[in-house]
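Asks: Residue numbers (the numbering used here): 217 to 701. Positions of the beta carbon are idealized from the N, C-alpha and C atoms, including for glycine.
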């Protein structure tokens with residue numbers, strides 16, 4: 217049941233120099249909007265989850281904006297990658313269109329970017345974010361209120377050159393259903409509805425229109441020489457009139473580049489995808505492991521890069537057992553267990569670059585792999601846990617570690633401490649240590665290792681774990697000891 221809906225158009229990226237920086241006016245608009253929305257959420261006693269997309273993602277002053285929002289509205293904003301944005305949009309569209317058994321092409325035209333996804337059911341087969349947004353291209357090509365003769369051809373050429381790079385890959389994958397989402401697509405769909413002379417439906421969801429009708433919309437919009445004429449002639453909302461031509465040209469570019477014949481409008485997009493994703497995270501919607509986007513993308517990276525996958529899997533299991541036993545002592549939230557598991561699975565992916573200093577290569581690969589189903593903060597935490605699985609412990613002089621919040625620094629240290637011990641316990645790379653149990657006293661953490669057979673020699677494993685215990689001892693403020701069951 218939907219309790220209430222609220223929407224405000226802020227245009228954070230408008231006037232920001234190709235969205236490289238948020239202007240003071242945009243920051244003020246954004247903060248005022250979020251203060252109002254946070255108050256509405258609080259009035260319904262609702263949990264708040266907020267994400268930022270291209271305008272904030274690309275802004276050099278995004279940290280200042282995020283801090284100001286936190287202070288003024290009490291809202292922590294997650295900055296999502298373009299690929300993660302695409303995944304969330306696909307999740308929303310999938311649940312609005314309801315076609316799970318055929319591959320679907322999804323396009324979402326936002327203010328700063330356009331997301332293109334090809335997916336089958338919950339699985340994303342292809343995802344790409346393009347710096348093609350209705351606001352961005354309006355600022356670049358249609359800044360004047362009067363339409364310049366060269367503006368449309370220049371904008372059209374720019375769009376085609378951006379999209380054509382991925383056309384072969386998308387066409388090779390293939391798709392049977394096409395869906396478009398968000399405000400620009402809805403405005404175009406409603407214009408097509410009026411052009412047909414059809415009556416307004418109760419819902420625009422699953423409304424179908426053709427590529428030729430999109431081209432007709434572009435032609436019609438071009439015939440209006442000013443924004444005011446456009447708004448008046450086509451009955452557009454004032455906040456859409458100036459950006460709709462750029463938006464329609466983007467959709468036309470998608471139609472031509474990917475040969476889209478028929479398009480279905482989706483009432484759901486990023487917002488609904490985010491809601492569904494949050495319900496899944498909270499355990500309010502069941503998710504099969506095969507449909508867990510985060511787990512799937514982590515496993516795919518591990519499969520490509522890890523030369524000892526069985527070892528990494530067993531280390532992840534041992535680390536999980538240690539986590540369960542130490543969570544209370546280290547004040548670890550339940551959701552952080554997955555960060556530890558993913559870091560364990562990815563700790564050795566850096567060997568694909570070089571065995572020497574592979575922990576540093578691991579950090580770079582994880583950080584830049586565009587893992588799906590995870591926020592930018594979560595990817596950073598996982599990358600740092602994996603980076604600190606060996607060699608140096610986290611230090612203030614390490615720039616990436618220093619950039620974390622105090623709470624996240626504590627989390628990375630605790631989970632890296634556990635991971636180091638788990639890796640030591642499988643030093644023989646053969647799962648000889650079957651399982652572990654932990655006893656915590658006021659002064660000691662005693663780890664008891666159970667071997668896979670009574671005669672199995674785990675002395676090297678216990679020695680290796682003991683050599684790697686320093687960080688865990690520091691974060692637990694206890695001596696760490698090992699014994700055989």
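Under a Cβ-count criterion, where at least 16 other Cβ atoms within 10 Å of its own Cβ denotes burial, should residue 250 be classed as buried or exposed?
Replies: Classification for residue 250: buried.
Asks: Could you spell out the range, first to last residue, of the beta strand (DSSP E) harbouring residue 320?
Replies: Per DSSP, residue 320 belongs to the beta strand (DSSP E) from 320-325.
Asks: What span of residues does the alpha helix (DSSP H) with residue 479 cover, start to end?
Replies: It is not in any alpha helix (DSSP H) - residue 479 instead sits in the beta strand (DSSP E) that spans 478-482.
Asks: Inspect the beta-carbon positions of residue 335 and residue 349 and report whether they are closer than 7 Å.
Replies: Not in contact: residue 335 and residue 349 (Cβ atoms no closer than 7 Å).
Asks: Check whether the stretch 379-388 touches the stretch 465-481, counting contact only when three or more Cβ pairs, one atom from each stretch, lie closer than 8 Å.
Replies: Counting Cβ pairs under 8 Å, three or more are found: they touch.
Asks: Enumerated in chain order, which unbroken segments of the beta strand (DSSP E) with a length of 3 residues or greater are wholly contained in the stretch 324-376?
Replies: Here the runs fully enclosed are 330-336, 339-346.
Asks: Please report the distance separating the alpha-carbon of residue 666 from that of residue 649.
Replies: Cα-Cα distance, rounded: 6 Å.
Asks: Does the stretch 316-326 come close enough to the stretch 389-403 to have 3 or more Cβ pairs within less than 8 Å?
Replies: Touching, yes.
Asks: Going by Cα to Cα distance, which pick from 634, 495, 617, 525 is closest to residue 552?
Replies: Of 634, 495, 617, 525, the residue nearest in Cα terms is 634.
Asks: Under a CB-based cut-off of 7 Å, is residue 340 close to chain D?
Replies: The structure shown contains no chain D, having only a single protein chain.
Asks: In the structure shown, what three-state DSSP assignment does residue 592 receive?
Replies: Helix.
Asks: So what does DSSP say about residue 287, is it helix, strand or coil?
Replies: Helix at residue 287.
Asks: If you measure between the beta carbons of residue 391 and residue 408, is that distance less than 7 Å?
Replies: Their beta carbons are not under 7 Å apart, which means residue 391 does not touch residue 408 by this criterion.
Asks: Going straight from the alpha carbon of residue 671 to that of residue 644, what length do you get?
Replies: Approximately 15 Å between the Cα atoms of the pair.
Asks: Give the straight-line distance between the Cα atoms of residue 574 and residue 237, rounded to the nearest whole angstrom.
Replies: Computed Cα separation, rounded: 35 Å.
Asks: Quick one: what's got a C-beta closer than 6 Å to residue 242's C-beta in the same chain, skipping five residues either side?
Replies: Excluding sequence neighbours, residue 242 sits near 228.
Asks: Could you tell me if the beta carbon of residue 309 falls within a distance shorter than 6 Å of some heavy atom in the ligand ATP?
Replies: Because no ligand of any kind appears in the structure shown, any question about the ligand ATP cannot be addressed here.
Asks: Can you check which of these residues, 542, 583, 532, 520, is closest to residue 640 by C-alpha distance?
Replies: Measuring from the Cα of residue 640, the nearest candidate turns out to be 532.
Asks: Got a sec, what are the start and stop residues for the alpha helix (DSSP H) residue 404 sits in?
Replies: Its alpha helix (DSSP H) spans residues 399-412.
Asks: Contact defined as beta carbons within less than 8 Å: I believe residue 484 pairs with residue 311. What is the distance between those atoms, to the nearest angstrom?
Replies: Going by Cβ atoms, the distance from residue 484 to residue 311 rounds to 6 Å, so yes, they are a contact pair.
Asks: Could you compute how far the alpha carbon of residue 269 sits from the alpha carbon of residue 658?
Replies: Each residue's alpha carbon lies about 46 Å from the other.
Asks: Given a threshold of 16 other Cβ atoms within 10 Å of its Cβ, counted over all protein chains shown, does residue 197 qualify as buried or as exposed?
Replies: Because residue 197 is not part of the residues shown, which for the chain are 217 to 701, the question remains open.
Asks: Can you tell me whether DSSP reads residue 695 as helix, strand or coil?
Replies: Residue 695 falls in the strand class under three-state DSSP.
Asks: Compute the beta-carbon to beta-carbon distance between residue 513 and residue 589, rounded to the nearest angstrom, for a pair I have assumed lies under 8 Å.
Replies: Residue 513 to residue 589, Cβ: 6 Å. Contact.
Asks: State yes or no: is the C-beta of residue 612 within less than 7 Å of the C-beta of residue 618?
Replies: Contact flag set, yes.
Asks: Ends of the beta strand (DSSP E) at residue 664?
Replies: From DSSP, the beta strand (DSSP E) with residue 664 extends over 660-667.
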